[in-house]
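Colleague: Handing you a structure now.
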Amino acid sequence: MSRLNVVLALVLVLCALAVIQAQHRARNYFVELERLKKEARALDEQWGQLQLEQSTWANPARVDTLARAQLGLVAPVPDRIHVETLVGAP
Amino acid sequence: MSYQPRNARAHQLLKLNLAPWRMATVGGLLLGGLVLVSARAFYLQGLNTDYLQGKGDAVSNRNLTLPTHRGQVSDRHGQLLAISTPVESLWARPIELKLSAEQHARLAKVLGIPPQELSKKLARKTRGEFAVRRPVTPEQAVNIAAMGAPGLYLRREFRRYYPAGEVTAHVVGFTNVDDLGQEGVERAYQSWLVGREGERHILRDRHGNTIRDLAPIKTAQMGGNLALALDLKIQYLAHRELAAAIATHKAKGGSVVVLDAKTGEILALANQPIFNPNNRSNYQPGLMRNRAVIDTFEPGSTVKPFVAAAVLERGLFRPDSVIQTPDNFRVGTKLVRDDHPHPQLTVTEIIQKSSNIGAAKMAMTLTPQQFWDVLHRVGLGQLPGSGFPGETAGLLRPPGTWRPVEQATMAYGYGLSVSLLQMTRAYMAFANDGEVMPLSFLRREPQEITGERVFSPIVAREVRTMMEAVTQEGGTGQSIHVPGYRIAGKTGTAHKVLNGSYASDRYLSSFIGMAPASNPRLIIGVVIDEPSDGVYYGSSVAGPVFAQVMGASLRLLALPPDAPETATRMTQSTPTVVAPTVVARIGGGM
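As given, the protein sequences belong to chains A and B, one line each in that order. All you need for the numbering used here is the position in the first sequence, starting with 1, plus 9. All you need for the numbering used here is the position in the second sequence, starting with 1, plus 200.
So, in structure tokens, the structure goes:
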């Protein structure tokens with residue numbers, strides 16, 4: 010009887026240790042999860058800022074000015090436009 | 201008393217010579233103190249546990265607000281028109297504020313203002329805190345954070361940016377400092393765009409790490425994104441050409457509306473004058489008005505195609521019916537006049553040459569109810585249904601109140617009022633073979649839409665052919681060309697009302713047209729308010745804006761030209777047929 014008690018006490022201690030271990034791991038994972046969530050938020054914000062930057066560069070007014078002034082582009086005159094008609098195309 | 205001290209003398213010294221009441225008092229006080237302390241301890245630990253527990257929780261438990269931000273607004277191809285992005289702003293709490301002279305000088309330098317001005321800003325005596333600068337640039341934020349001055353705080357907040365700026369300002373609108381939509385789409389779709397903050401109740405360790413959630417997380421709901429029907433490229437073209445025309449003709453203002461004739465989507469909507477939604481320091485409500493949707497005007501000759509449609513529909517005339525148009529045509533006492541009189545004109549020519557007499561004569565063959573019915577059917581006097589805040593229904597009086605002279609003047613566009621958006625929408629009846637699609641500021645899938653039949657396809661096409669004649673030899677709009685495409689449209693030049701009567705020198709010039717005329721894809725309405733450089737005809741003021749925007753937009757949409765007789769060379773090529781190479785066959789089924 011007393012031997013069984015000793016064994017059970019040992020098992021109990023082991024279980025307690027396992028619970029502590031599991032709890033500890035859970036906390037670590039939780040901290041990691043929090044960190045990743047924060048990172049995701051930061052990346053999301055950065056994505057927004059990059060989109061903003063992209064649309065500022067690609068602003069039609071800016072593209073228009075650059076195309077005309079720097080690249081010397083002009084709209085083609087009608088007789089320089091070839092219209093290709095695909096036979097059988099809808 | 202059997203106890204006998206061994207050394208009676210020594211014991212004499214130790215003997216307390218105190219009165220018993222003193223002993224009792226001290227003992228009583230000590231005991232009383234003990235009872236008090238234990239009672240308090242028992243009270244705190246046993247009865248009023250919440251208090252200390254609360255203090256402890258205050259150290260380790262936190263309520264976090266999960267931030268959310270307003271949704272993005274983009275054009276139909278995903279180009280950004282409005283975005284909320286976090287920025288830092290600088291706040292001060294006057295009670296804690298202690299800046300050394302050196303810190304003060306440095307802060308002034310970082311903010312780029314003279315030290316005296318900074319002192320003035322910081323001298324504000326408010327309870328709580330106030331914003332010193334919102335927002336600060338990221339570099340400034342780093343510098344300020346490095347100073348670590350007490351009483352200065354950086355706070356992160358979301359700010360709304362409008363990358364397209366004034367180009368889309370009237371459609372997109374703007375928000376106020378509290379992120380509430382004030383104008384335009386921002387206001388119309390406020391409840392969709394706005395997010396909802398979430399909340400978390402968490403446990404923290406002493407390093408400030410979150411250990412676990414104490415209550416279910418209320419997740420933050422991000423604001424919904426919105427894809428508008430606008431095409432930023434067409435919008436820019438419309439904005440640019442309108443601005444140029446306003447400058448050339450020294451006009452007071454103007455608007456351009458570009459509609460997709462098949463779907464009713466608003467591809468572009470530009471107004472002048474403009475404002476910059478990113479910097480509203482010089483706030484002028486007048487500039488922010490979306491004139492194309494909110495302002496009304498008397499449409500003038502652009503009503504005439506509806507008169508033609510009304511009489512064709514009832515079989516009263518055919519496009520080639522000849523109508524006498526004498527220059528002494530009177531309705532009641534009112535003499536109807538034409539700028540360029542012709543003795544007789546066909547119905548087509550009445551539209552082509554924009555004859556007031558012809559239009560009035562045709563309208564007089566209808567009863568007021570019949571005429572009203574056609575105008576009402578195409579949406580005049582009714583809300584256009586775009587959902588834009590403040591859109592106007594214009595004015596179309598009930599037919600019972602019309603006098604004959606009013607019926608005649610209404611045939612050439614006086615006595616009723618419309619918005620440009622409403623009028624452009626009405627022209628969809630001609631462009632889309634008699635079917636008017638509901639307007640939309642939002643992009644939508646073609647299968648979602650059901651239109652409303654207004655005219656029979658035959659009538660719609662007949663009127664469209666008449667409007668095509670407007671831009672051909674002998675028409676009022678013969679100067680308006682879009683190379684490679686057939687266009688149909690109608691000019692309008694209306695006198696403005698000034699102090700209750702028509703001013704002879706103030707005009708509204710308009711042009712509403714569609715292309716390619718064989719199967720219209722776009723409808724563009726242009727109105728220019730008070731051109732004042734001597735030219736005021738719709739064909740020479742509004743027409744060129746139409747032609748420029750239409751030409752460029754058709755090119756952008758890569759629509760095949762339908763006017764082969766123009767200079768554009770058509771080459772027909774056999775497509776190079778490339779046999780599809782089967783790279784991998786998945787599942788074997790085909």
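Positions of the beta carbon are idealized from the N, C-alpha and C atoms, including for glycine. On a predicted model such as this, the values are computed, not experimentally measured, just so you know.
(1) Any beta-carbon of chain A closer than 8 Å to the one on residue 546/B?
(2) Does any residue of chain A have a CB that is nearer than 8 Å to the CB of residue 361/B?
(3) Does any residue of chain B bring its CB to less than 8 Å from the CB of residue 20/A?
(4) For the stretch 372-409 of chain B, which segments carrying the beta strand (DSSP E) assignment without a break, of at least 3 residues, lie completely within its bounds, in sequence order?
(5) With burial defined as no fewer than 16 other Cβ atoms inside 10 Å of the residue's Cβ, what is the status of residue 434/B: buried or exposed?
(6) For residue 317/B and residue 278/B, I'd like the C-alpha separation in whole angstroms.
(7) Going along the stretch 74-92 of chain A in order, which residues come within less than 7 Å of chain B, judged by CB to CB distance?
(8) Residue 578/B and residue 654/B - do their beta-carbons sit closer together than 8 Å?
(9) Quick check on DSSP: helix, strand or coil for residue 695/B?
(10) How many angstroms separate the CA atom of residue 632/B from the CA atom of residue 333/B?
(11) Is there a C-beta anywhere in chain B that falls below 8 Å from the one on residue 28/A?
(12) Could you give the first and the last residue of the continuous alpha helix (DSSP H) run that contains residue 340/B?
(13) Below 8 Å between beta carbons: does that hold for residue 641/B and residue 466/B?
(14) Determine whether the beta carbon atoms of residue 623/B and residue 552/B lie at a separation below 8 Å.
(15) Between residue 279/B and chain A, is there a C-beta pair that is closer than 8 Å?
(16) How is residue 277/B classed by DSSP in three states: helix, strand or coil?
(17) Alpha carbon to alpha carbon, what distance is there between residue 417/B and residue 381/B?
(18) What do you get for residue 490/B, buried or exposed, if any count of 16 or more other CB atoms within 10 angstroms of its CB means buried?
(19) Output yes or no for whether 8 Å exceeds the beta carbon distance between residue 393/B and residue 414/B.
(20) Using a Cβ-Cβ cut-off of 8 Å (strictly less than) and excluding sequence neighbours within five positions of residue 396/B, which residues of its own chain qualify?
(21) Classify residue 610/B as helix, strand or coil using the three-state DSSP reduction.
(22) Where do the ends of the beta strand (DSSP E) carrying residue 701/B lie?
(23) Residues bridged to residue 642/B by DSSP?
(24) Using the rule of at least 16 other Cβ atoms within 10 Å of the residue's Cβ for burial, across every protein chain shown, is residue 820/B buried or exposed?
(25) If you follow the beta strand (DSSP E) that residue 728/B is in, where does it begin and where does it stop?
(26) Look up residue 448/B in the DSSP assignment and say whether it is helix, strand or coil.
(27) Buried or exposed for residue 767/B, please, with buried defined as at least 16 other CB atoms from any protein chain shown within 10 angstroms of its CB.
(28) Output the distance between the C-alpha atoms of residue 322/B and residue 331/B, rounded to the nearest integer angstrom.
(29) Give me the DSSP bridge partner(s) of residue 361/B.
(30) Any C-beta of chain A within less than 9 Å: which residues of the stretch 673-688 of chain B qualify?
(31) Only counting the same chain, and skipping five residues up and downstream in sequence, which positions put a Cβ closer than 8 Å to that of residue 307/B?
(32) Are there 16 or more other CB atoms within 10 angstroms of the CB of residue 295/B, so buried, or fewer, so exposed?
(33) Hey, is residue 43/A's beta-carbon within less than 8 Å of any beta-carbon in chain B?
(34) When the distance is taken between beta carbons, is residue 711/B closer than 8 Å to residue 742/B?
(35) Mind pulling the alpha helix (DSSP H) runs of 4 or more residues that sit fully within the stretch 561-609 of chain B?
(36) For the beta strand (DSSP E) holding residue 93/A, just list the boundary residues, first then last.
Modeller: On the basis of the coordinates in this document:
(1) By this cut-off, residue 546/B is not an interface position.
(2) Yes, because at least one Cβ of chain A sits closer than 8 Å to the Cβ of residue 361/B.
(3) So, not an interface residue.
(4) Correct list: 398-404.
(5) Classification for residue 434/B: buried.
(6) Residue 317/B and residue 278/B: Cα-Cα distance of roughly 43 Å.
(7) Residues 87, 88, 90, 91 and 92.
(8) Their beta carbons are under 8 Å apart, which means residue 654/B touches residue 578/B by this criterion.
(9) If DSSP states are grouped into helix, strand and coil, residue 695/B belongs with the strands.
(10) So the alpha carbons of these two residues sit roughly 54 Å apart.
(11) Not an interface residue.
(12) Where residue 340/B is concerned, the enclosing alpha helix (DSSP H) stretches over 338-347.
(13) Closer than 8 Å, so yes.
(14) Contact: no.
(15) True, the Cβ-Cβ gap to chain A drops below 8 Å.
(16) For residue 277/B, the secondary structure class from DSSP, reduced to helix, strand or coil, is coil.
(17) Near 28 Å, if we compare the C-alpha coordinates of residue 417/B and residue 381/B.
(18) Using a 10 angstroms sphere on the CB of residue 490/B, the tally of other CB atoms reaches 16 or more, which defines it as buried.
(19) Against a cut-off of 8 Å, the Cβ pair of residue 414/B and residue 393/B comes out as no contact.
(20) Same-chain partners within the cutoff: 268, 420 and 421.
(21) Look at residue 610/B here: in three-state DSSP terms it is helix.
(22) Where residue 701/B is concerned, the enclosing beta strand (DSSP E) stretches over 701-715.
(23) In the DSSP output, where bridge partners are listed per residue, residue 642/B has 428/B.
(24) Outside the displayed range of chain B (201 to 790) lies residue 820/B, so it cannot be described from this structure.
(25) Per DSSP, residue 728/B belongs to the beta strand (DSSP E) from 722-729.
(26) Residue state for residue 448/B is assigned as helix, using DSSP reduced to three classes.
(27) With a pLDDT of only 44 at residue 767/B, under the threshold of 50, the placement of this residue in the model should not be trusted, and no figure is reported.
(28) Distance between the alpha carbons of residue 322/B and residue 331/B is about 10 Å.
(29) Bridge partners of residue 361/B: 283/B.
(30) Flagged, chain order: 683 and 684.
(31) Its chain contains 299, 318, 344, 347, 349 and 352 as the residues whose beta carbon lies nearer than 8 Å to that of residue 307/B, once the 5 sequence neighbours on both sides are disregarded; these appear in chain order.
(32) Label assigned to residue 295/B: exposed.
(33) Closer than 8 Å: yes.
(34) Yes, these two residues count as a Cβ contact at 8 Å.
(35) Runs of the alpha helix (DSSP H) inside the stretch 561-609 of chain B: 568-577.
(36) Residues 91-95.
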